[in-house]
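**Student:** This is the structure, below, for whatever I ask next.
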Amino acid sequence: MNRNGIGQAVRRVEDQRFLTGRARYVDDIHLPHMLHGAVVMSPHAHARIKSINTTAAMKSPGVHLILTGADAKKENLGGIPPLFMPEDMGGPKGYRTFRPLLEPEKARYVGDRIAFVVADTPEQARIAAELVEVDYEPLPAGVNVAKAAQDGAPKVWDDNPAANLAFPLMMGNKEATDKAFAAAKHIASVKLYNNRITANAMEPRACLGDYQNDAFTLYTSSQNPHGVRGILCGAVFKMPEIKLRVISPDVGGGFGMKGDIYPEDGLVLWASKKLGRPVKWVATRTESMLGDNHG
Numbered sequence: 000m001n002r003n004g005i006g007q008a009v010r011r012v013e014d015q016r017f018l019t020g021r022a023r024y025v026d027d028i029h030l031p032h033m034l035h036g037a038v039v040m041s042p043h044a045h046a047r048i049k050s051i052n053t054t055a056a057m058k059s060p061g062v063h064l065i066l067t068g069a070d071a072k073k074e075n076l077g078g079i080p081p082l083f084m085p086e087d088m089g090g091p092k093g094y095r096t097f098r099p100l101l102e103p104e105k106a107r108y109v110g111d112r113i114a115f116v117v118a119d120t121p122e123q124a125r126i127a128a129e130l131v132e133v134d135y136e137p138l139p140a141g142v143n144v145a146k147a148a149q150d151g152a153p154k155v156w157d158d159n160p161a162a163n164l165a166f167p168l169m170m171g172n173k174e175a176t177d178k179a180f181a182a183a184k185h186i187a188s189v190k191l192y193n194n195r196i197t198a199n200a201m202e203p204r205a206c207l208g209d210y211q212n213d214a215f216t217l218y219t220s221s222q223n224p225h226g227v228r229g230i231l232c233g234a235v236f237k238m239p240e241i242k243l244r245v246i247s248p249d250v251g252g253g254f255g256m257k258g259d260i261y262p263e264d265g266l267v268l269w270a271s272k273k274l275g276r277p278v279k280w281v282a283t284r285t286e287s288m289l290g291d292n293h294g
C-alpha cells in the first residue's frame, strides 16, 4: 500500500492544543457588546399554551428582549424540518413536521422551547426566564411508544392523519417472510425494551449569533455546519445561503447529538438582528438533558 494512498491513517493534529488547554469552544468566543440568552422550557410533556406574561421578566435587571412563539408567527419565521424523510429518496410519503423556534400554541414534550430571554449576563437571563409566566393547560401525553401508535392515543401533531406515525417503512420480502414463518416448526417471540439515553457531552451545546451588514455569522458546536446553514436559510429565515456564515470551532463530544439543528441556533440569530448586538447561548446541564436529541 502506498504510504500516502487510500487507507493510510490520517495523523491527528489537534491533540496538542486539547491536552494543553488551548482548545477554542463556542463559549470561549467573546465578541464586543455581546449579550446572553436563556430559554424557557416546558415542564409538561403535552400542554396547551393559554397565555404568556413577560411583564415581570422584562423588568428584571439587565433584560433587553423576550421572544415568544407569537413573535415568530408574527414575523413569519419558518420551522425546522426533519433532517431526513424516506420520500426524499423515493420512499413512502410521511408526515413532515416543521418545528417552530418557539412554540406559539402547544408544548409537545418536556423541554419544548416556549420563550427566549436576552440579557447582559447569563445569570440575568436565567433569572428573568424564571419570571416568565406561562399559563399551561396540561393535556394527556403519550409516554409509551407502543401505546402511542394505537388508535385514540394522544396526538403529538393534531393534523397528522396517521396519528403519531411519522412514515411507513418496510424492508425485505414480506411474502417470503410470511412463508418462512408459516413453515416454521417453532416460533420464539421476544419483547425488547431499550432505555432512553442522552449523549451528555462534556461540552454542552452552544451557539453565538452575530448580525452585521445585512448578513449573519453563527458560531455553533455543530457536527453538521452545512446542514445547519441549509435549514436555517431555506426553512426558517427563507433567505439566500450567502447571507449566513456558519463556523464550527472545537465541538467537543457530540456522539451524533450535535449533528442535528436546534431552535437555539435560530434564536441567537433572530435576537441578534433585533438588538443589533451579538447574542450567545450556552446550555446548562439540565437544559442539555431536556433539550438535546435523545436516543
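Be aware that the sequence shown starts at 0, since it is given in numbering that gives the first Met the number 0, and climbs by one per residue.
We treat Cβ as the ideally placed atom computed from N, Cα and C, and that holds for glycine.
1) The beta strand (DSSP E) that contains M57, what's its start and end?
2) Which residues in the same chain as A69 place their Cβ atom closer than 7 Å to its Cβ, once the five residues preceding and following it in sequence are excluded?
3) Go ahead and label K105 buried or exposed: buried means 16 or more other beta carbons lie within 10 angstroms of its beta carbon, across all protein chains shown.
4) For the alpha helix (DSSP H) holding V144, just list the boundary residues, first then last.
5) For the beta strand (DSSP E) that contains M40, what are its first and last residues?
6) Could you name the residues that DSSP lists as bridge partners for W330?
7) If you count every other CB in all the chains shown that lies within 10 Å of the CB of T120, and 16 or more means buried, which is it?
8) Roughly how many whole angstroms lie between the Cα atoms of M33 and P277?
9) Thinking just about the alpha-carbon of each residue, which of H35, G78, L138 is nearest to the one in L101?
10) Can you round the beta-carbon distance between T200 and F254 to whole angstroms, since I take them to be within the 8 Å contact cut?
11) Return the first residue and the last residue of the beta strand (DSSP E) that I230 is part of.
12) Grouping DSSP H, G and I as helix and E and B as strand, with all else coil, what is A179?
13) For the alpha helix (DSSP H) holding L266, just list the boundary residues, first then last.
14) Assign F83 to one of two classes, buried (16 or more other C-beta atoms within 10 Å of its C-beta) or exposed (fewer than that).
15) Is it buried or exposed, R228, if we count other Cβ atoms within 10 angstroms and call 16 or more buried?
16) Is the beta carbon of P85 less than 8 Å from the beta carbon of F166?
17) Hey, which unbroken runs of the beta strand (DSSP E) at 3 residues or more fall wholly within the stretch 85 to 131?
18) Nearest to E122 by CA position, among S59, K190, Y218, is which residue?
19) Looking at V39: is its Cβ nearer than 8 Å to the Cβ of V133?
20) Check the DSSP bridge columns for V250 and list the partner residues they point to.
21) Quick one: measure Cβ to Cβ for V131 and A44, integer angstroms, because I've assumed they're closer than 8 Å.
**Tutor:** So, from the listed chains and residues:
1) Looking up residue 57 in the sequence shown gives position 58. No beta strand (DSSP E) holds M57; the alpha helix (DSSP H) holding it covers 54 to 57.
2) Start at 1 with the first residue of the sequence shown, and residue 69 comes out as number 70. Closer than 7 Å at the Cβ level, and outside the excluded window around A69, lie P103.
3) As a first step, residue 105 is located in the sequence shown; it is residue number 106 there, counting from the start. Counting Cβ neighbours within 10 Å, K105 comes out buried, since at least 16 surround it.
4) Within the sequence shown, the letter at position 145 stands for residue 144. Start and end: 144 to 147.
5) Here residue 40 is taken as the residue at index 41 of the sequence shown, counted from 1. Element bounds for M40: 34 to 40.
6) The structure shown does not extend to residue 330, since the chain is modelled only from 0 to 294, so the question has no answer here.
7) In the sequence shown, the residue the question calls residue 120 occupies position 121. Exposed is the call here.
8) As a first step, residue 33 must be located in the sequence shown, where it is residue number 34. As a first step, residue 277 must be located in the sequence shown, where it is residue number 278. Whole-angstrom Cα-Cα distance: 5 Å.
9) For the purposes of this step, residue 101 is taken as residue 102 along the sequence shown, with counting starting at 1. Of the residues H35, G78, L138, the one whose Cα lies closest to the Cα of L101 is G78.
10) Here residue 200 refers to the residue found at position 201 of the sequence shown. Here residue 254 refers to the residue found at position 255 of the sequence shown. It is Ala, not Thr, that sits at residue 200 in the sequence shown. Sure, about 7 Å apart at Cβ, within 8 Å.
11) Here residue 230 corresponds to residue number 231 of the sequence shown, with the count starting at 1. Per DSSP, I230 belongs to no beta strand (DSSP E); it is in the alpha helix (DSSP H), 224 to 230.
12) As a working mapping, residue 179 is identified with position 180 in the sequence shown. A179: helix per DSSP, three-state reduction.
13) Start at 1 with the first residue of the sequence shown, and residue 266 comes out as number 267. Here the alpha helix (DSSP H) through L266 covers 262 to 274.
14) For the purposes of this step, residue 83 is taken as residue 84 along the sequence shown, with counting starting at 1. So F83 ends up on the exposed side.
15) Residue 228 sits at position 229 when you count from the first residue of the sequence shown. Buried is the call here.
16) Counting from 1 along the sequence shown, the entry for residue 85 is found at position 86. Counting from 1 along the sequence shown, the entry for residue 166 is found at position 167. Contact flag set, yes.
17) If we require 3 residues or more, the beta strand (DSSP E) runs fully inside the stretch 85 to 131 come out as 112 to 118.
18) Here residue 122 is taken as the residue at index 123 of the sequence shown, counted from 1. Nearest of S59, K190, Y218 to E122, Cα basis: S59.
19) Along the sequence shown, one-based indexing puts residue 39 at 40. Along the sequence shown, one-based indexing puts residue 133 at 134. The answer is yes: Cβ separation under 8 Å.
20) Position 251 of the sequence shown, counting from 1, holds the residue named residue 250. BP columns for V250 are empty, so no partner.
21) For this step, residue 131 is matched to residue 132 along the sequence shown. For this step, residue 44 is matched to residue 45 along the sequence shown. In fact, because the Cβ distance is near 19 Å, the residues do not count as touching under 8 Å.
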